[in-house]
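S.K.: My structure is below; once you've seen it, I'll send some questions.
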Amino acid sequence: MPTRKADPRGKKPYRVFVSHSGDDIWVAEQIARLIEDCGADAFLDRRDIAAGDDFRERIRKRFRNAMSCLRSSPLGLAREPGCGMRSGWQMF
């Protein structure tokens, strides 16, 4: 995991939870890297949860502590009838 840039105001890094589907992992990794290059903390399950960790608890804790969530809407999900979702990435 990269070292975070120090915030000159003494604040903790901005925390972003990166949610993705298995099909989007490459893109999610690139986005997480860009977020971290800007000095924020990006959580990505594939690299930030160790073997043996309580997966669900780690996800819940990091999601609750995030300041923003970046979520992928995979193309396959967008094709489901009645889903009402579009493929792409959303931040909230």
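Numbered according to the working numbering, the sequence shown terminates at residue 1552, and the numbering increases by one at each position without gaps.
All C-beta atoms, glycine included, are put in the ideal place defined by N, C-alpha and C.
Can you name the start and end residues of the beta strand (DSSP E) that Asp1501 belongs to?
M.R.: Per DSSP, Asp1501 belongs to the beta strand (DSSP E) from 1501 to 1503.
S.K.: Starting from the Cα of Asp1474, find the closest Cα among Ile1495, Asp1508, Arg1531, Asp1505 and give me that residue.
M.R.: The question names Asp, but residue 1474 in the sequence shown is Tyr. The residue with the shortest Cα to Cα distance from Tyr1474 is Ile1495.
S.K.: Whole angstroms is fine: what's the gap from Arg1493's alpha carbon to Ala1502's?
M.R.: Each residue's CA atom was taken as its position, placing Arg1493 and Ala1502 some 8 Å apart.
S.K.: Measure how close the beta-carbons of Ile1491 and Asp1505 come, nearest whole angstrom, since I'm counting them as under 8 Å.
M.R.: Under the criterion of beta carbons closer than 8 Å, Ile1491 and Asp1505 do not qualify as touching, at roughly 14 Å.
S.K.: For Ile1509, tell me which candidate among Gly1499, Ala1500, Lys1521 has the shortest Cα-Cα distance.
M.R.: Lys1521
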